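Protein chains in written order, with numbering that gives the first Met the number 0: chain A, 0 to 438; chain B, 0 to 469. All C-beta atoms, glycine included, are put in the ideal place defined by N, C-alpha and C. Note that this is a predicted model, so its numbers are computed, not measured. To keep things clear, I will list the structure first and then write my remarks on it.
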Amino acid sequence: MIKEDSYLKNLADICLTKSKKLGSSEASVLVMNSVSENVNIRNRKIDGSERSDNLGITLTTYIGKKKASISSSNLKEENIITLVKKCIDATKVTPEDEFNSLPDKDLHFKGAKDLKLFDETHLDNEKKINFIKAAEEKAFSNEKIVNTNGSAFSETKSNFILANSNGFMDGYKTSQFTAYCEVVSKSNGSMERDYEYTSKRYYDDLLKPEQIGLNAAKKAIDKLNPKKIKSDKFDIVFDKRISKNFLSNFASSISSSAIAKGTTFLKDKLNKNIFDNSINIIDKGNIIKGNGSRYFDSEGIMIKELELVKDGILMDYLIDTYNGKKINRQSNGRSSGTTNLYFENGKVPFEDLIKSGKKILFINETIGRGANIITGDYSVGASGMMIENGEFAYPVSEITIAGNFNEMFKNITLANDLEFNYSTNSPSMLITGITVGGK
Amino acid sequence: MSKFLKNSELTFEKAKQIVDDTLQSCDDGELYLEDTKSETIILDDNKIKSSDYSTDIGYGFRAVTGEVVAYSHSNEISDKSLKNSSDNLKSSLKGKSGTYNTEIKNTNQKFYKDIDPVEEKSLKSKIDILNEINNYARSLDSSVKQVTANFLGEKKNIEILRSGGQLLNDERPLVRFNVSVMVEKNGRKETGIYGVGGRQSYDVYLENENWKKVCDEAFRIATTNLDSKPSPAGEMKVVLGPGWPAILIHEAVGHGLEGDFNRKKTSVFHDLVGKKVASEGVTIIDDGTLDNRRGSLNIDDEGTPTEKTVLIENGILKNFMQDRLNARLMNTKSTGNGRRESYKHIVMPRMRNTIMLNGNNTQEEMIKSVDKGIFAVSFGGGQVDITSGKFVFNCTEAYEITNGKIGSPLKGATLIGDGPSSLKEVLMVGNDMMLDPGIGTCGKAGQGVPVGVGQPSLLIDKMTVGGTQI
């Protein structure tokens, strides 16, 4: 079982008290515990089981404008005291930084309604195995599925306490249930893999195992016997699992740290048009049961709802205390990054997007980390499906897609199929005029 | 005698008793103890942005029978905690039984010194050097707008207790030093990143102002990219430079030769041992025994002594890389490739230093022979799909080749290829083998481990280049 608040609070208290005694002017501490249980199966048989119990503290001490941190998993009291001492010693030799400080007290989280982030449900290993086995069984009911790369079910429960010397002390429990099934299809000498994945705060909200197996099998089979196409410009429809990556790239590009340093192509774009004017982007921390929901950020600051992009115009950045000071802005509770980040739903059905041209390329997998947020250049390997006259014609693989976010963002049309399956969510999207490298 | 359990509330005798009792009817398994100390010091935007020190201690208890692995880990090294883990393992393997595998060969091989890079230099002196580096890099040219530099140091001590009482241990230092420079000219911004590292003291990389070379190299790459033009798209000839571009070998064939994917028959290489998988002249090894290299280990994380494993010899597939589990199930021996990120992770077959050996050609010959193609000098990240064999790389420094001559630098070029076929497309193997500077981390199933790569220059007949110009 995960540790209760009282245990974590006691450790947090020891750290803060000891830091003060040894000479820190301010301090903050995170004490966290998570217990995760995981089963892996392969070809409908158990392959392994894992149980992990992680306990750790991270302490940051300040002496005026000097700051240093330590973290440890060895929580014996005598070790903690050695570490606090080490942290203070490190603080003393670290140069001052005028922007170092604890967050503004007035912005501390002060309570909110229950977001339902913790489901007490516990599945024993046998139940976990049965769940994920049912997914593989379903996938194997198609004869083109010949193997699995492994499927897994995991249950994680966490608890933490965040405290600082300005009187903040709070924390909460969260849970996460995840099922993953990856299968291998084979036909005419071609071998392909694909997966389905579901991850929720509450066990009952998971995709049903049969559906997981069915989806994984269909995706792997659809990819069989792909063709390589000639290099050309294409209008591309991105599947939801890829289009959400553009949101993640966008989020990295508007972090106050990148803005302050000038290492982003979106520097100086506040209040300017960066997307097609049909686009709105929202980051909302208080969605009930949301995978990205949180009560406060890693500094204890309340999470405001942010309308980052409105009618295509960049309205806000993701700001923490330190980098906020550098750009003269107050933190908006984003020192842990985004929460539930999403494009507001589009107006066009997916079917209309794929019928928007004679030849449309549908991309549902990319490989490589080809986004450069300094220049906005984007280039990745990809595979998917050629669509001719609105009909899926043949799978395509071993191609590259490349462009620059400055232009790509302005050519986005969103479908109306937004769902909240991850912390970052996007509907399918069409981007016109992208260069595809092939034969 | 166990160093870990000397001052612990869990005694060696008690640990041995629990391990023996838990593993007696299993095929394999061990108690893995780990004590890691690490530091990260980052200079960014003219300031020491973070100075972090971390200690992590814990155990991972593993029991293996047949194909099934049960694993339990915890930070709490005590009787009670280990007993809980034991119960957990037993219940996971209920109804299964095996025969405990033979002892692991003891070794005295040492490929790195027993030093502690975190403690051997004071924090103050490391901060001073970072400030000096910042000043130096910013003084190189007025176009330099940002400098980030960091030191990453680690000392990891491990101990492995097997059923029957065999005790194996290793003490592993590891350091890395990186500099990133952003330049801006005429409204254009580009970055250059360079780093060095290995299993030795920071001083090796800092003495004689060696760090200046790291700054110079990061600045050179950034400046080169300022003049880069959009990359072409399509299939063409590719010349790979020596050293770090060997991550292409790591992704394109390395992962596909790891024992687990082949035992499970999900690798394209699983039925190709003894067959020709690469051009003649292509020999690839995976070597854990190179002095002070990032990917080297005295013993792997199961206790097996590392070795130099021949993977492909003159184009013919010879061996896979094995850990104990996959070796047993494939009726062969572990090659000392059983690795894990930490005590929190299960063992898998992983690469160490993966190297293509020298051939007879010169880089000059290769470039001369290309009418239209690209010359790739350095890569950022790469990735592979083991099942289909497709892999991808992002070039961080590349040039066009036209009529046998190197031309403009190219920006944003991605290379995509097919693992098994690209090695057959190798037309020339260079005589200029180089190891990478010691910065590689390989990710697999969520676990990152330090690795090395190396290769001579290579000429590949055709690969797809992903750019924006058709």
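Neighbour list for residue i in chain B, Cβ cutoff strictly below 7 Å
i, result
"G54/A", "In the sequence under discussion, the amino acid at residue 54/A is Leu, which differs from the Gly named in the question. What L54/A touches in chain B: N74."
"K218/A", "The premise fails here: K218/A is roughly 13 Å from chain B at the closest Cβ pair, so nothing lies under 7 Å."
Reduced DSSP category for residue i - H, G, I as helix; E, B as strand; rest coil
i, result
"Q454/B", "strand"
"E396/B", "strand"
"A444/B", "coil"
"D113/A", "coil"
"V83/A", "helix"
"H72/B", "strand"
"Q329/A", "coil"
"C214/B", "helix"
"S254/A", "strand"
"Y179/A", "strand"
"E8/B", "coil"
"K172/A", "strand"
"K346/A", "coil"
"F3/B", "coil"
"H107/A", "strand"
Distance CB(residue i)-CB(residue j) smaller than 7 Å
i, j, result
"L122/B", "T21/B", "no"
"S482/A", "N290/A", "The requested residue 482/A does not occur in the structure, where chain A is confined to residues 0 to 438."
"L289/B", "N352/B", "yes"
"K358/A", "E397/A", "no"
"V203/B", "G152/B", "no"
"F159/A", "M31/A", "yes"
"Y342/B", "Y99/B", "no"
"A401/A", "G345/A", "no"
"E184/A", "E191/A", "Checking the displayed sequence, the identity of residue 184/A turns out to be Ser instead of Glu. Taking 7 Å as the Cβ cut-off, S184/A and E191/A qualify as a contacting pair."
"A375/B", "L239/B", "yes"
"A11/A", "A162/A", "yes"
"T320/A", "D282/A", "no"
"G97/B", "C25/B", "yes"
"L352/A", "L246/A", "no"
"V395/A", "M407/A", "no"
Chain A contact residues for residue i, given Cβ-Cβ distances below 7 Å
i, result
"S91/B", "S48, N124"
"S49/B", "S68"
"I41/B", "By Cβ distance, chain A contributes nothing, its closest Cβ being about 11 Å from I41/B, past 7 Å."
"T467/B", "A401, G402, T434"
Rounded Cβ spacing between residue i and residue j (contact assumed at less than 8 Å)
i, j, result
"S53/B", "S71/B", "Contact doesn't hold; Cβ gap of about 23 Å is too wide."
"Y111/B", "R171/B", "7 Å"
"E364/A", "N279/A", "Not a contact, Cβ separation roughly 27 Å."
"D322/B", "G258/B", "6 Å"
"L409/B", "S295/B", "Between S295/B and L409/B the Cβ distance is about 34 Å, and since that is not below 8 Å, they are no contact."
"L54/A", "L82/A", "Not really, about 14 Å apart at Cβ, beyond 8 Å."
"E95/A", "K64/A", "4 Å"
"I69/A", "S23/A", "At roughly 12 Å, the Cβ-Cβ gap does not stay under 8 Å, so I69/A and S23/A are not in contact."
Residue i: contacting residues in chain A (beta-carbon distance under 9 Å)
i, result
"E234/B", "K227, S230, G436, G437, K438"
"H463/B", "It is Thr, not His, that sits at residue 463/B in the sequence shown. The contacting residues are K227, S230, G380, E397, I398, T399, G436, G437, K438."
"D55/B", "G55, S70, S71, S72, N73"
"I126/B", "V92, T93, P94"
Under 8 Å by beta carbon: chain B residues contacting residue i
i, result
"E191/A", "T386, S387"
"R368/A", "G379, G380, Q382, N393"
"A89/A", "S50, Y52, L122"
"N146/A", "K263, K264, T265"
"I373/A", "M181, K188, E189, T190"
"T262/A", "Q145, M181, K188, T190"
"R240/A", "Those do not exist, as R240/A stays about 15 Å from chain B at its closest Cβ, beyond 8 Å."
"K85/A", "Y52"
Neighbouring residues, chain B, relative to residue i (Cβ below 9 Å)
i, result
"T320/A", "In chain order: nothing, as chain B lies at least about 14 Å away."
"T177/A", "Within 9 Å Cβ-Cβ: nothing; T177/A doesn't reach chain B, min ~12 Å."
"T338/A", "Under the 9 Å cutoff, chain B gives no residues; its nearest Cβ is about 23 Å from T338/A."
Where residue i meets chain A, residues with beta-carbon distance less than 8 Å
i, result
"I345/B", "G47, E49"
"V309/B", "Near V309/B there are no residues of chain A at all, since even the closest Cβ is about 26 Å away, more than 8 Å."
#### Entry: Start-end ranges of the alpha helix (DSSP H) lying completely within the segment 334-383 of chain B, minimum 4 residues
362-367
### Segments assigned alpha helix (DSSP H), at least 4 residues, entirely inside the segment 152-208 of chain B
201-205
### Task
Within the segment 95-154 of chain B, note down every full alpha helix (DSSP H) run reaching 4 residues or more, in order along the chain.
122-138
### Query
What are the complete alpha helix (DSSP H) segments, minimum 4 residues, inside the segment 205-258 of chain A?
208-221, 239-252
### Message
As an exercise, report each continuous beta strand (DSSP E) stretch of at least 3 residues that is fully enclosed by the segment 7-68 of chain B, in chain order.
### Response
You should have 27-43, 46-64.
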